[in-house]
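Numbering (our numbering), first residue to last: 1 to 594. Think of the CB as a built atom: it goes at the ideal place given N, C-alpha and C, for glycine as much as any other residue.
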């Protein structure tokens, strides 16, 4: 896991060093810059697999024709290396970097389909003067590019381009009609004008300063045949999931997990414990961390303790607080790069604590909610599709009523009304291969919620030099998830039913079948009523705030007055206040001060 930067064109070595140092937090173990004719490659390394200097990047083949800088992990690198050795390739390191480079040399672009992992990779062909860029299937790792009169640049974060940009201009089009926190990640445009992203499942070739982009992965083209019986689907899922976890436990450094106490993270640590009894996996994995917020209704420490106790490991509680200066707040947002829908402090503190104990890899449960229908709001979207079917709506309300926190729970009539007015999510997914509920989840997974969360968690973790691995995002599991029907996900009045049933052999029933969903988030409502009240009031009272073109200051003041005058205590109230001021804080952090 690392940070990459490169330029095809003219850039001084000094300037390239400035660029890679902007993202040194992604890989503090080794920084290197390599200048070649017409191309400069730079790398900040977080050493995970083959931690020797021989595996540092930029890395070349023996002929020095091909050079690679690579951010991510290829989990099936051992199998790929054996396959390449069988056709005559030799290896001088034990790294997945060398495997990826030689896989590209041997198979070309088809190497992408053979890789199971997460990556943003750039390969320079010094003979043909050709740059190949690739991003993993679901965009777990980021890849941006920028162009000016001197050359074409690529990097892991937008801030890597700041030293070569004459000025940073806001892309106002993305802020029109209020910033949408959960959709712009689906497009190539970024919040800073001129910077673009290579989309998930895309690759590109730069030849003679012309960029040719194409999509190499589409989940709906890789659906699989699944058993008709639910019990057999559960068994197949369990087999896939355990293997996904096993190959993600390949590491030359200790492993851990951010254990929220919810179904997904508990399933992951349970599987790690189950696999930990085998001889061919990393032995040092028993490091679990929970964000402890005893003052908040969204605290899940008690549930995390139950999960850790079930498998017999200790749990490190990370006390989460909002004792933060305005300068620290701005730095947090700078590290995240884009406006986000919640304050990042809780996530940054958690991964900082993980790193401070010597753990650089965290296996987490991201992706399960989107793939298998774990969000309460999915019930409203699905309710819109079955609005005329009373029995189905009543069943959805029963699931909703048992899942939603009491502070924001609706009556049955209110639920029906909200469902009828919900936007029709998923109708744009033109496929006869999946049912209505899976179309909703496809959009959440590929176009809305998940791409945004993947971006955010990349920043939260990498700001602290921690790598997140996501077993649920194994491409085999994603294909499986969209090959099973809605009934397998909404089973026995449970959301994510098949995840719970799959995990039964390695996690307690008490943890898996808890219906109330809290979610790992920031306790904004409590903080704005307490530690952050002064910060919030000072912010919206400032001259800078009223002059910021990205927000409506009068509307913001109205929201905040309502928040305090009516003593709003539900979670959504604090979130609404944050999203009202977030664009202003982003501009201050990334445009004005970055």
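{"Asked": "Per DSSP, the bridge partner or partners of residue 361", "Found": "255, 467"}
{"Asked": "First and last residue of the uninterrupted beta strand (DSSP E) at residue 316", "Found": "315-319"}
{"Asked": "Span of the alpha helix (DSSP H), counted from its first residue to its last, around residue 130", "Found": "Counting along the chain, residue 130 falls outside any alpha helix (DSSP H), though it belongs to the beta strand (DSSP E) covering 130-135."}
{"Asked": "Whether residue 462 touches residue 364 by CB criterion (8 Å)", "Found": "no"}
{"Asked": "Residue 71 - partner residues in DSSP beta bridges", "Found": "120"}
{"Asked": "Proximity of residue 444 and residue 453 at Cβ, strictly below 8 Å", "Found": "no"}
{"Asked": "Residue 151 - containing beta strand (DSSP E), residue span", "Found": "151-155"}
{"Asked": "Alpha-carbon to alpha-carbon, residue 68 and residue 101", "Found": "7 Å"}
{"Asked": "Whether residue 341 touches residue 579 by CB criterion (8 Å)", "Found": "yes"}
{"Asked": "Whole-angstrom distance between residue 334 and residue 551, CA atom to CA atom", "Found": "18 Å"}
{"Asked": "Inter-stretch contact (C-beta, 8 Å, three-pair minimum) for the region 539-555 and the region 359-379", "Found": "no"}
{"Asked": "DSSP state of residue 300 mapped onto helix, strand, coil", "Found": "coil"}
{"Asked": "The region 493-510 contacting the region 405-415, beta-carbon criterion three pairs below 8 Å", "Found": "no"}
{"Asked": "Status (buried if at least 16 other CB within 10 Å, exposed otherwise) for residue 593", "Found": "exposed"}
{"Asked": "Alpha helix (DSSP H) segment containing residue 18, residue limits", "Found": "13-21"}
{"Asked": "Contacting residues, own chain, Cβ-Cβ under 8 Å from residue 553 (five flanking each side not counted)", "Found": "540, 545, 546"}
{"Asked": "Three-state class that DSSP yields for residue 323 in the structure shown", "Found": "coil"}
{"Asked": "In DSSP terms, what residue 202 is bridged to", "Found": "215"}
{"Asked": "For residue 143 and residue 154, the rounded distance between their alpha carbons", "Found": "7 Å"}
{"Asked": "Integer Cβ distance of residue 344 from residue 332, believed to fall under 8 Å", "Found": "5 Å"}
{"Asked": "Under the three-state DSSP convention, the category residue 549 falls into", "Found": "coil"}
{"Asked": "First and last residue of the uninterrupted beta strand (DSSP E) at residue 43", "Found": "39-45"}
{"Asked": "Closest by C-alpha distance to residue 195, when choosing among 429, 157, 219, 212", "Found": "157"}
{"Asked": "C-beta atoms of residue 434 and residue 482 nearer than 8 Å", "Found": "yes"}
{"Asked": "For residue 166, the nearest candidate out of 263, 21, 148, 398 (CA to CA)", "Found": "148"}
{"Asked": "Helix, strand or coil at residue 483 according to DSSP, with G and I counted as helix", "Found": "coil"}
{"Asked": "Range of the contiguous beta strand (DSSP E) that encloses residue 437", "Found": "Taken as a continuous stretch (DSSP letters only), residue 437 belongs to no beta strand (DSSP E), being part of the alpha helix (DSSP H) at 436-446."}
{"Asked": "Pairwise C-alpha distance: residue 442 and residue 603", "Found": "Outside the displayed span of the chain (1 to 594) sits residue 603, for which this structure offers no information."}
{"Asked": "Residue 11 to residue 20 span [Cα, whole Å]", "Found": "13 Å"}
{"Asked": "Limits of the unbroken alpha helix (DSSP H) element including residue 237", "Found": "230-248"}
{"Asked": "For residue 10, three-class secondary structure by DSSP", "Found": "coil"}
{"Asked": "Exposure label - residue 427; buried when at least 16 CB within 10 Å", "Found": "exposed"}
{"Asked": "Euclidean distance between Cα positions of residue 279 and residue 271", "Found": "15 Å"}
{"Asked": "Residue range of the unbroken beta strand (DSSP E) whose run includes residue 34", "Found": "30-36"}
{"Asked": "For residue 148, the first and last residue of its enclosing beta strand (DSSP E)", "Found": "144-148"}
{"Asked": "7 Å Cβ shell around residue 560 - same chain, five flanking residues per side excluded", "Found": "536, 540, 577"}
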